[in-house]
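For the sequence shown, the numbering used here begins at 1 and goes up steadily by one.
Ideal Cβ placement from N, Cα and C applies to all residues, glycine included.
To start, the structure under review is shown below, and the notes come after it.
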Amino acid sequence: MEGVYVVANFTSPFNLAGLLFSVIALYFMYKLCADDKSRLVFKKYVFFSMPYIGMITLVGLFGK
């Protein structure tokens, strides 16, 4: 492994554009939820998918 490029990955304009896109997409999906029950389901989905998203990020950072 050459090194860990965490700072470089979060300062690259392409990576920041992808992060911004994901935040905007999640925001619009949240706004599309009609009632409180569907918003709660969406929040639970995002919460329980965070370990998977974190593992994908770490594998991408350390496996390059």
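Check your understanding: Three or more beta-carbon pairs under 8 Å between the region 51-60 and the region 34-43, yes or no?
Key -> no
Point to revise | Distance between beta carbons of Leu-26 and Val-6, contact taken as under 8 Å | key: The Cβ separation is near 22 Å, so there is no contact.
Practice item. Would you give the residue range spanned by the alpha helix (DSSP H) that Ser-22 belongs to? Key: 13-32
Exercise for review: To the nearest angstrom, report how far apart Tyr-30 and Ala-17 are at their CA atoms.
Suggested key: 20 Å
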